[in-house]
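Respectively, the protein sequence lines represent chains A and B. Note that the numbering used here has the first sequence beginning at 1, numbered continuously upward. Note that the numbering used here has the second sequence beginning at 417, numbered continuously upward.
There are 2 protein chains.
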Amino acid sequence: MSTREADAAALISDFHAMSTFGVTPGGGVDRQAATEADGETRSWFMGWLQGQGFRVEVDAIGNIFGFLDLVPGAAYVLFGSHLDSQPLAGRYDGAYGVLAAAHAASRARRDLDAAGIRPKYNIAVVDWFNEEGSRFKPSMMGSAVFTGRLDLEVALGTTDPAGITVRDALDAISGRGSFTDLDVAAYGEIHVEQGRGLEDAGIPIGVVASTWCAYKYEIVVHGEQSHTGSTMMKDRRDALLAASKMVVALFDLTSEFEEEVLHTSVGQLFVLPNSPVTVAREVRFLADLRARESGILIEAFAKLTEKIAVIEQQTGTRIEIASSSIWESGPFLESGLALIESASAELGYPSLRVLTVAGHDATNLKEGVPTVLVFVPSVEGISHNEREFTHDADLIAGAEVFTTVVTRMAQGALDA
Amino acid sequence: MSTREADAAALISDFHAMSTFGVTPGGGVDRQAATEADGETRSWFMGWLQGQGFRVEVDAIGNIFGFLDLVPGAAYVLFGSHLDSQPLAGRYDGAYGVLAAAHAASRARRDLDAAGIRPKYNIAVVDWFNEEGSRFKPSMMGSAVFTGRLDLEVALGTTDPAGITVRDALDAISGRGSFTDLDVAAYGEIHVEQGRGLEDAGIPIGVVASTWCAYKYEIVVHGEQSHTGSTMMKDRRDALLAASKMVVALFDLTSEFEEEVLHTSVGQLFVLPNSPVTVAREVRFLADLRARESGILIEAFAKLTEKIAVIEQQTGTRIEIASSSIWESGPFLESGLALIESASAELGYPSLRVLTVAGHDATNLKEGVPTVLVFVPSVEGISHNEREFTHDADLIAGAEVFTTVVTRMAQGALDA
Chain A
1 MSTREADAAA
11 LISDFHAMST
21 FGVTPGGGVD
31 RQAATEADGE
41 TRSWFMGWLQ
51 GQGFRVEVDA
61 IGNIFGFLDL
71 VPGAAYVLFG
81 SHLDSQPLAG
91 RYDGAYGVLA
101 AAHAASRARR
111 DLDAAGIRPK
121 YNIAVVDWFN
131 EEGSRFKPSM
141 MGSAVFTGRL
151 DLEVALGTTD
161 PAGITVRDAL
171 DAISGRGSFT
181 DLDVAAYGEI
191 HVEQGRGLED
201 AGIPIGVVAS
211 TWCAYKYEIV
221 VHGEQSHTGS
231 TMMKDRRDAL
241 LAASKMVVAL
251 FDLTSEFEEE
261 VLHTSVGQLF
271 VLPNSPVTVA
281 REVRFLADLR
291 ARESGILIEA
301 FAKLTEKIAV
311 IEQQTGTRIE
321 IASSSIWESG
331 PFLESGLALI
341 ESASAELGYP
351 SLRVLTVAGH
361 DATNLKEGVP
371 TVLVFVPSVE
381 GISHNEREFT
391 HDADLIAGAE
401 VFTTVVTRMA
411 QGALDA
Chain B
417 MSTREADAAA
427 LISDFHAMST
437 FGVTPGGGVD
447 RQAATEADGE
457 TRSWFMGWLQ
467 GQGFRVEVDA
477 IGNIFGFLDL
487 VPGAAYVLFG
497 SHLDSQPLAG
507 RYDGAYGVLA
517 AAHAASRARR
527 DLDAAGIRPK
537 YNIAVVDWFN
547 EEGSRFKPSM
557 MGSAVFTGRL
567 DLEVALGTTD
577 PAGITVRDAL
587 DAISGRGSFT
597 DLDVAAYGEI
607 HVEQGRGLED
617 AGIPIGVVAS
627 TWCAYKYEIV
637 VHGEQSHTGS
647 TMMKDRRDAL
657 LAASKMVVAL
667 FDLTSEFEEE
677 VLHTSVGQLF
687 VLPNSPVTVA
697 REVRFLADLR
707 ARESGILIEA
717 FAKLTEKIAV
727 IEQQTGTRIE
737 IASSSIWESG
747 PFLESGLALI
757 ESASAELGYP
767 SLRVLTVAGH
777 DATNLKEGVP
787 TVLVFVPSVE
797 GISHNEREFT
807 HDADLIAGAE
817 VFTTVVTRMA
827 QGALDA
């Protein structure tokens, strides 16, 4: 077996081992942030890192780092993604990226050593805590705290729907550490595409050229609780009716723009008191609006505001925008795109420049340091679903390209 | 203090004592079926019955009976309502009726004894288990099992949203007994109106002449789970969007009939997986349709079926009607109406014939035995809300009228 074959076999074997944590009957995984299943996956990953000779550290928001200290005193090039998942999700989203980064880092160390090259930077890998944001909002929490975008204490105090804080949930899986002060020279991430672009084009490597903007609004509808049977229709102030009109209005908003220019969705909704014979007093939900340009989102939000006024008037409710989170779009560094393209070409893999609509930890990192984001195909683009699937050949190709990316970035390929 | 004044004071004092169980910050109560708060209220009530010389029994579905055995071997006239509540509900709904029935029964025994009258029937009072149906569906569970409308094992196996069965929940409050075989000659219930009719008319006593029909459908929307950001709008099969369109369609259905002829509502909705960044795979909800005549509901359901087909087509989802529960309407016995009216007139209280839109345990009982249902006013008709309120004077008037009703029914007033 060649080294290349052995590397591929080790990656797939480790991926299967990792996919047993939080496994679901539908063949996916369910390991929301700081759950027992997330904790098991994290423990397995830390064990893997230690077994491969990485130095392991955990920071105060539960990000796990593995260090290969090759150049005393130098900064680190950092590579990673997230091990947490959505509920009833697929095995690839995030987890493939963490494992591929770890394998790529380990191979890069071996290859540099074999070639007698002393790199410019040390190499580190990372599992960012709570990228998904399904249990604790917002998403991309670990990388947001790491980059200073989100306050540590605010993040630790955030509660899940059961009222459990991030602090307590992390402590329950022994997930908080005290590591601080990492000097990062550049960041790289590899991820499954979560769209059909690469599969439709028959291309194994996606070179992410820019991200969409995402505007997210936490909305609270205030109605009045009453009896479903005896309350006259005209006397009702039904928070669930108003929320339903909002869900429909958000969907209809997309048809006021050119096709697929605006994405909107509501995936989570909490009803109070949620009784079958009681008109709802309050409904909370998150409205998620995404577009390539912020101008579209500003226009969409203005239209939404008009719709809110109409729905309030129709239903006798009050609709409050309790908070908002804004991620602006932006291009990735041209030298990073060229690096991925040349690495792909050298290994014989075609590549294609793509956009990402989904957010990634790379979105937080790219604001501060040179950052690359590589995609591999996902069959039918199925994402946040147990049926998510990527062929082994694409997982292997991605890790090979990423190994070259890691090796070159450790040598300063993205230095200005 | 006259006997009448002492009776009134005892009723209000006991009502205040009872209203401390499951008290909420908003001044209401929260004692859903077989919760700890329901268990505390039940224990208090059994203690009260024993203190007043009632013989207490509990049946296999948790209905609590208090017996005044006045005529060995005779059948019982039965009076009651329910002690359980909706979440974040008012103090009066059900609980007033149980307490008023118990006080009326106790006063009737005293008055019959003082008058040297040996009644035809024994007197019993009852707390029907789980009338509200907010935790365990369907509503009116205890009276449905008692009357043979619902199978005991099916009821005991029913689960709440957390997966806890009625059997286990009742056992946790020591709520199941073994009492069986009660020979019921007639049934009476007193309840707050849950509407504005009596208050608007300024009348303290409502004589319920008939019930509305209620058709309830448990609906499951099947979509496909996917990523909210990256999934193209045209590829989505969004179960929450389809459910929202259903909620709006059900509301709009009412405007296809004359004003207030049809009531519809959705008060409870469960979303899977309920994550902010995931298109919902499944939504479950209960559609509640009520009207005076079943013809209206049959027509409404036909229109709804057409709307379902359109929504399925618009959203790429499948909408399943998983089950239905039908309560037909019907008049109450004319001799019962006359009994309430004469009792009110003798005590100097005006009365008014009204309808009930809300279901009551009396709805189940009236199919088998002569049944009366008395209403007292509710301020602004506010129901299933902590702000539910009835003036003490109306509580007192209702209990006085009901005492006469109990006394006369024990003497065979409703015999054919």
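Glycine is no exception: its CB is placed at the ideal position from the N, C-alpha and C atoms.
| Asked | Found |
| --- | --- |
| Identity of the residue in B:GLU634, B:LEU749 and B:GLU804 nearest ASP704 (chain B) by Cα | B:GLU634 |
| Opening and closing residue of the beta strand (DSSP E) in which TRP417 (chain A) lies | The structure shown does not extend to residue 417 (chain A), since chain A spans only 1 to 416, so no value can be given for it. |
| Host alpha helix (DSSP H) of PHE667 (chain B) (start-end) | 655-669 |
| Short-range partners of chain B found in the stretch 292-314 of chain A, where Cβ spacing is below 9 Å | none |
| SER274 (chain A) and GLN448 (chain B) closer than 8 Å at C-beta | Correcting the residue identity first, residue 274 (chain A) is Asn in this sequence and not Ser. Not in contact: ASN274 (chain A) and GLN448 (chain B) (Cβ atoms no closer than 8 Å). |
| CB of ALA658 (chain B) within 8 Å of CB of ILE735 (chain B), strictly | yes |
| Exposure of ARG118 (chain A), with buried meaning 16 or more beta-carbon neighbours within 10 Å | exposed |
| Test: PHE257 (chain A) CB closer than 8 Å to a CB of chain B | no |
| Beta carbon proximity, SER134 (chain A) to chain B, threshold 8 Å | yes |
| Under 8 Å between C-beta atoms of VAL623 (chain B) and VAL790 (chain B) | yes |
| Interface flag, ASN546 (chain B) vs chain A, CB-CB below 8 Å | no |
| Bounding residues of the beta strand (DSSP E) (the contiguous stretch that carries VAL371 (chain B)) | Only positions 417 to 832 of chain B appear in the structure, and residue 371 (chain B) is not among them; the question remains open. |
| Chain-ordered chain A contacts of GLN468 (chain B) [CB-CB under 8 Å] | The premise fails here: GLN468 (chain B) is roughly 31 Å from chain A at the closest Cβ pair, so nothing lies under 8 Å. |
| CA-to-CA distance, HIS263 (chain A) to THR438 (chain A), given in whole angstroms | The structure shown does not extend to residue 438 (chain A), since chain A spans only 1 to 416, so no value can be given for it. |
| Which of helix, strand or coil DSSP assigns to VAL374 (chain A) | strand |
| Whole-angstrom C-beta distance between LYS366 (chain A) and GLY330 (chain A), which should lie under 8 Å | 7 Å |
| GLY558 (chain B) - DSSP class collapsed to helix/strand/coil | helix |
| Straight-line gap, SER760 (chain B) to THR159 (chain A) (C-alpha atoms, nearest Å) | 55 Å |
| Among B:GLY814, B:ALA490, B:SER497 and B:ASP430, nearest to ILE619 (chain B) - alpha-carbon criterion | B:GLY814 |
| Coarse secondary structure for VAL693 (chain B), derived from DSSP in three states | coil |
| Limits of the unbroken beta strand (DSSP E) element including THR721 (chain B) | No beta strand (DSSP E) holds THR721 (chain B); the alpha helix (DSSP H) holding it covers 710-731. |
| Short Cβ contact (8 Å threshold) for ALA630 (chain B) with ARG706 (chain B) | yes |
| Min CB distance ALA338 (chain A) to chain B below 8 Å | no |
| Chain B contacts made by the stretch 346-365 of chain A, where a contact means CB separation under 7 Å | VAL357, ALA358 and GLY359 |
| Where the stretch 613-628 of chain B meets chain C: residues whose CB sits under 9 Å from a CB there | The displayed structure is made up of protein chains A and B, and chain C is not among them. |
| Same chain, Cβ closer than 8 Å to ARG281 (chain A), five either side skipped, listed in chain order | HIS222, GLY223, GLU224, GLN225, ALA239, LEU272 and PRO273 |
| Whether ALA89 (chain A) touches ASN364 (chain A) by CB criterion (8 Å) | no |
| Cutoff 8 Å: ASN801 (chain B) Cβ touching any chain A Cβ | yes |
| ARG592 (chain B) versus ALA450 (chain B): straight-line alpha-carbon distance, rounded | 10 Å |
| Neighbour list for GLU260 (chain A) in chain B, Cβ cutoff strictly below 8 Å | MET648, MET649 and LYS650 |
| DSSP state of TRP460 (chain B) mapped onto helix, strand, coil | helix |
| Cβ of LEU702 (chain B) within 8 Å of any chain A Cβ | yes |
| Residue-level contact to chain A via CB, ILE428 (chain B), 8 Å cutoff | no |
| Run of the alpha helix (DSSP H) containing PHE431 (chain B), from where it starts to where it stops | 419-434 |
| Closer than 8 Å to chain A by CB, ARG706 (chain B) | yes |
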